[in-house]
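Top line first, the protein sequences correspond to chains A and B. Position 73 of the first sequence, counting from 1, maps to 73 under my numbering, and the rest follow consecutively. Position 95 of the second sequence, counting from 1, maps to 95 under my numbering, and the rest follow consecutively. For each residue, glycine too, the CB sits at the ideal point set by N, CA and C. First up is the structure itself, then whatever we jot down about it.
There are 2 protein chains.
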Amino acid sequence: MLTVYGDIRSGNCLKVKWMLDRVGRDYRWVEVDIMSGGSRTPEFLAMSPAGQVPIIVLEDGRPLAQSNAILLHLAESTDVIPADAYDRARMMEWLFWEQYSHEPYVAVARFQRLYLGKTEVEGRIMQRGDAALDRLEGALTGRDWIVGEGMTLADIALVAYTRMAGDGGFDLSTRTATRAWIRRVEAALALEPYG
Amino acid sequence: MLTVYGDIRSGNCLKVKWMLDRVGRDYRWVEVDIMSGGSRTPEFLAMSPAGQVPIIVLEDGRPLAQSNAILLHLAESTDVIPADAYDRARMMEWLFWEQYSHEPYVAVARFQRLYLGKTEVEGRIMQRGDAALDRLEGALTGRDWIVGEGMTLADIALVAYTRMAGDGGFDLSTRTATRAWIRRVEAALALEPYG
């Protein structure tokens, strides 16, 4: 059986859970306590040299890291990867953007408040997180999905931390296209609304 | 004809040039001076809302951003994308790792020294860049290529800033597997050795 090593509060890990549930694949979830060094043990680093969750270990024992690489692998040949080459390329663009320009700010602000208990997050992180959320709001205005006419991995990857942005001190109340899209993606993934 | 908007000194932009040259696709290169605001004009932001180079504009006028998404698009159905599903997933893992854990340190240190003229780079950036280069050295020890038995996009994406790491103040002299791999990838791409 496939095994996931993850932290159930982490958006990057939840993405993987949602995709496994969506494709109906059997899996075992092993909770890793990253705050008490669970992702720094020799056993864990042997599977995940970057020391990051989530990773999956396939039925034959081979590991795979990086949440968006895992999503792409699990979603191969399913309808959340566009058949059109340009739409597929745009989906990839958003997946890389999510990890480069959104997660390092929107998720990190949440991590600092929720995991580390900070009451103030560095201004640079909040500014860049707000810029990422603004860009997403612009992209979603007048659209139901980020790319094309249906839900893709871009929506699944980006909703993970966007729906939790309030935990990091970001304000979604004026971002109305984003809020409607969060509810749309949650409904498509059969999730309870967050927060 | 396809158009690239890029900065010829940027590893992220050079990746795209190398792939276009490799697949033999005609293109026009438009140099963008990011230091004088060339990536902040309304015209540029209309094509690249994230304000980043490189972008490509396809023959029909549609834009595509994010260097690794562009590589994947240009390389579709070529031998630098593994046919095996697991190898392909590992290649994707390295592409996301490159943008999350390597480029923000190895490239940013170089940017601060070369573009901004700084003589000292923040310790955190140097430490994380060294950690990324150490991980790469470990992965390359005893191997010719990062994934599988031939050059993939993981090699092309990671060599871009690794070969220039000295510009950022990193020391490649003791990283012998990495140095041999750099020469191997440069030869495969018909590049002059860097530095």
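Cβ separation of residue i and residue j, assumed to be a contact under 8 Å, to the nearest whole Å
i	j	result
histidine 102 (chain A)	leucine 158 (chain A)	7 Å
isoleucine 197 (chain A)	alanine 65 (chain A)	A query on residue 197 (chain A) cannot be resolved here, the shown segment of chain A reaching from 1 to 195 and no further.
leucine 133 (chain A)	valine 108 (chain A)	Not really, about 14 Å apart at Cβ, beyond 8 Å.
tyrosine 194 (chain A)	arginine 163 (chain A)	4 Å
serine 67 (chain B)	valine 147 (chain B)	The pair is not a contact, with the Cβ atoms about 18 Å apart (cut-off 8 Å).
alanine 160 (chain B)	glycine 11 (chain B)	3 Å
glycine 129 (chain B)	glycine 166 (chain B)	Not confirmed; about 12 Å, so no contact.
alanine 89 (chain B)	alanine 69 (chain A)	6 Å
glutamine 99 (chain A)	glutamine 99 (chain B)	6 Å
arginine 179 (chain B)	leucine 172 (chain B)	6 Å
leucine 72 (chain A)	methionine 92 (chain B)	5 Å
Three-state secondary structure (DSSP) of residue i
i	result
isoleucine 8 (chain B)	coil
leucine 140 (chain A)	helix
alanine 65 (chain A)	strand
phenylalanine 96 (chain B)	helix
glutamine 52 (chain B)	coil
aspartate 171 (chain B)	coil
arginine 124 (chain A)	helix
glycine 117 (chain A)	coil
tyrosine 105 (chain A)	helix
methionine 19 (chain A)	helix
proline 42 (chain A)	helix
arginine 163 (chain A)	coil
serine 77 (chain A)	coil
isoleucine 146 (chain A)	coil
leucine 194 (chain A)	Per the sequence shown, residue 194 (chain A) should be read as tyrosine rather than leucine. The answer is coil: DSSP assigns tyrosine 194 (chain A) none of H, G, I, E or B.
aspartate 84 (chain B)	coil
threonine 178 (chain B)	helix
aspartate 155 (chain A)	helix
aspartate 130 (chain A)	helix
leucine 189 (chain A)	coil
Cβ shell of residue i (< 6 Å), same chain only, five flanking positions each side left out
i	result
alanine 177 (chain B)	Glu137, Leu140 and Thr141
tyrosine 27 (chain B)	Leu2, Val4 and Leu20
glycine 61 (chain A)	none
proline 104 (chain A)	none
proline 63 (chain B)	Met47, Ile55 and Val57
tryptophan 29 (chain A)	Val4
7 Å Cβ shell around residue i - same chain, five flanking residues per side excluded
i	result
glycine 38 (chain A)	Val32 and Phe44
alanine 50 (chain A)	Ala65
methionine 126 (chain B)	Ala109 and Gly169
lysine 118 (chain B)	Gln112
leucine 95 (chain A)	Asn68, Leu153, Ala154 and Ala157
tryptophan 145 (chain A)	Met151, Thr152 and Asp155
isoleucine 34 (chain A)	Asp7 and Val53
arginine 184 (chain A)	Asp144
arginine 40 (chain B)	Gly51
tryptophan 175 (chain B)	In the sequence as presented, tryptophan is not what sits at residue 175 (chain B); that position holds arginine. Answer for arginine 175 (chain B): Leu133 and Glu137, listed in chain order.
Residues bridged to residue i [DSSP beta-bridge criterion]
i	result
glycine 3 (chain B)	A quick correction: the sequence has threonine, not glycine, at residue 3 (chain B). For threonine 3 (chain B), which the question treats as bridged, DSSP gives the partners B:Arg28 and B:Val57.
Own chain, CB closer than 8 Å to residue i, minus 5 neighbours either side, in chain order
i	result
glutamate 192 (chain A)	Glu186
valine 23 (chain B)	Leu74, Ala75 and Thr78
aspartate 87 (chain B)	Val147, Gly148 and Thr152
aspartate 197 (chain A)	Because chain A spans 1 through 195 in this model, residue 197 (chain A) falls outside it and cannot be assessed.
arginine 25 (chain A)	Leu2 and Leu74
Cβ-heavy atom distance, residue i to the ligand NAD, below 6 Å
i	result
tyrosine 100 (chain B)	Absence of the ligand NAD from the depicted structure is noted, as is the absence of any ligand whatsoever, leaving it without description.
Inset, instruction - Mind checking the stretch 88-107 of chain A against chain B and listing, in chain order, the residues whose C-beta falls within less than 9 Å of any C-beta there? - result: Near chain B, meaning a CB-to-CB distance below 9 Å, the residues of the stretch 88-107 of chain A are Arg88, Ala89, Arg90, Met91, Met92, Glu93, Trp94, Leu95, Phe96, Trp97, Gln99, Tyr100, Ser101, Glu103 and Pro104.
Legend entry - Under 7 Å (Cβ pairs) to chain B, residues found in the stretch 48-68 of chain A: Residues passing the 7 Å Cβ filter: Pro49, Ala50, Arg62, Leu64, Ala65, Gln66 and Asn68.
Inset, instruction - Could you name the residues of the stretch 120-145 of chain B whose beta carbon sits closer than 8 Å to any beta carbon of chain A, in the order they occur along the chain? - result: Listed in sequence order: Arg135, Gly138 and Ala139.
Inset, instruction - Could you name the residues of the stretch 71-88 of chain B whose beta carbon sits closer than 7 Å to any beta carbon of chain A, in the order they occur along the chain? - result: Residues passing the 7 Å Cβ filter: Leu72, His73, Glu76, Ala85 and Tyr86.
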